[in-house]
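Novice:
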Amino acid sequence: MPQFDTVYPYLSYVTAAGDEIVLSCREYTKWWECYGRVGFAAPPLKNITQEYADGAMDTLAIEIAPRKLTVQMVINGETSLKRDRVLADIANRLIQIGHKRDWGRLRIQKTDGSFSMIDCAYIGGMETMSQTLPRVQLFSLNFYSGKGYFYDDTTDTYSFDIYQSAGLLHFGTSFHFSSATHFLSAGMNFTREISIEGFRAYPVITVTGPADDIRFENVNTGRIIEFDPLFFLLTGESVTIDTNPFKRSVTITRADGSTENGFNWLTENSNLDWFLEMGANEVVYRNINNNSVTTCALEYHQRRLSA
């Protein structure tokens, strides 16, 4: 008779509709996940090669390929009827069909207590199981992830604290300014180091005005997000830049709460495939109109190659 084992503390699948199906946890002793996970350690890789006229081959790139994940399950029912009811409930809630952009995600608790997610869809496994014992059923659940990355359940935030951290100038009590003296706002280009532990992170960047001549550059990757010099934000206005694949957008929110698409304000040098790499990233942020209410924040999930 299979025995309950807490090697995997928690595993669930959250459907596109937000229904969380608990597949295994310490409190559940009637069904749980067994040893035998497949596809959780590392993603498959895809080689892009070029064959030349003389027959020589060259590797041009290596990319993360979609991955398949398999978990092994057991149900130990008090009766055959109760076992079959659990199976039917899992199948009815897990199976999704049709056309969707967001299918759902596996939610996995790691040994350190933190949670990791991977976007995926259930693609089979239960249809091949055979009944061998009256009250016990062993079966597999297969999932397919087109993106191939795990990511942290929680978000990290990095804020450019520009105005508050600006140094103060002291000219003495008898210093006088001439009529030709002009002051700029607090700063133009600000270089900061943003370090991440994961493989990659695609941030959602929000700038709250006033702001003028906005520009972001990750020196490590050479990728730039830059707005037309004519674009500006007034106090109470903001722009949100989402760099996540399949969600990339630029949204301007005006002071009255109305929103508009800001793609047309980006320069031709801009690339919304803008990300933070593992380790230290040198990020340069430009804004020539900062004051005490101006803010700039990057919010992101750290992506990882394994659970």
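Quick note: the sequence shown uses numbering that gives the first Met the number 0, first residue 0, plus one each step.
C-beta atoms are modelled at their ideal positions from N, C-alpha and C, and glycine is treated no differently.
All values reported here derive from a predicted model rather than from experimental measurement.
#1: If you draw a straight line from the alpha carbon of T258 to that of M128, how long is it in whole angstroms?
#2: Just the Cα atoms here: how many angstroms apart are F274 and A200?
#3: If you count every other CB in all the chains shown that lies within 10 Å of the CB of Q301, and 16 or more means buried, which is it?
#4: Using 8 Å as the cut-off, can you tell me whether the segment 205 to 214 makes contact with the segment 226 to 242, which would need three or more C-beta pairs spanning the two stretches below that distance?
#5: What does the alpha-carbon distance come out to for the pair L59 and R100?
#6: For M56, which of helix, strand or coil comes out of DSSP?
#7: In the DSSP assignment, the beta strand (DSSP E) including L137 goes from what residue to what residue?
#8: Going by CA-CA distance only, name the one from T293, D18, Y7 that's closest to F39.
#9: T234 and P209 - do their beta-carbons sit closer together than 7 Å?
#10: Using DSSP's beta-bridge definition, name the partner residues of A279.
#11: Hey, could you find the ends of the beta strand (DSSP E) D151 is sitting in?
#12: According to DSSP, is K246 helix, strand or coil?
#13: Provide the residue(s) that pair with A210 in DSSP beta bridges, ordered along the chain.
#14: Which of the three DSSP states, helix, strand or coil, is assigned to I287?
#15: Identify the residues that DSSP records as bridge partners of E259: which are they?
#16: Report yes if the CB atom of I122 is closer than 7 Å to the CB atom of Y157, and no otherwise.
#17: Would D152 pass as a contact of M116 if the rule is Cβ separation under 7 Å?
#18: Let me know if F262 comes out buried or exposed under the rule of 16 or more other beta-carbons within 10 Å of its beta-carbon.
#19: Near N188, which residues of its chain fall below 7 Å by C-beta distance, leaving aside the five closest residues on each side in sequence?
#20: Using only alpha-carbon positions, find the residue among R25, G103, C119 that is nearest to T110.
#21: By the three-class DSSP mapping on this structure, what secondary structure does K81 have?
#22: Using only the alpha-carbon positions, how far apart do G17 and K29 sit?
#23: By Cβ distance, which residues of its chain are closer than 6 Å to A306, with the 5 residues on each side in sequence left out?
#24: Residue range of the beta strand (DSSP E) that C119 falls in?
#25: Does DSSP put W273 in a helix, in a strand, or in coil?
Specialist: According to the structure data:
#1: 51 Å
#2: 6 Å
#3: buried
#4: yes
#5: 30 Å
#6: strand
#7: 135 to 144
#8: Y7
#9: yes
#10: S194
#11: 149 to 151
#12: coil
#13: L232
#14: coil
#15: I251
#16: no
#17: yes
#18: exposed
#19: V283, R285
#20: R25
#21: helix
#22: 24 Å
#23: F39, I107, S115, F149
#24: Taken as a continuous stretch (DSSP letters only), C119 belongs to no beta strand (DSSP E), as it is neither H nor E.
#25: coil
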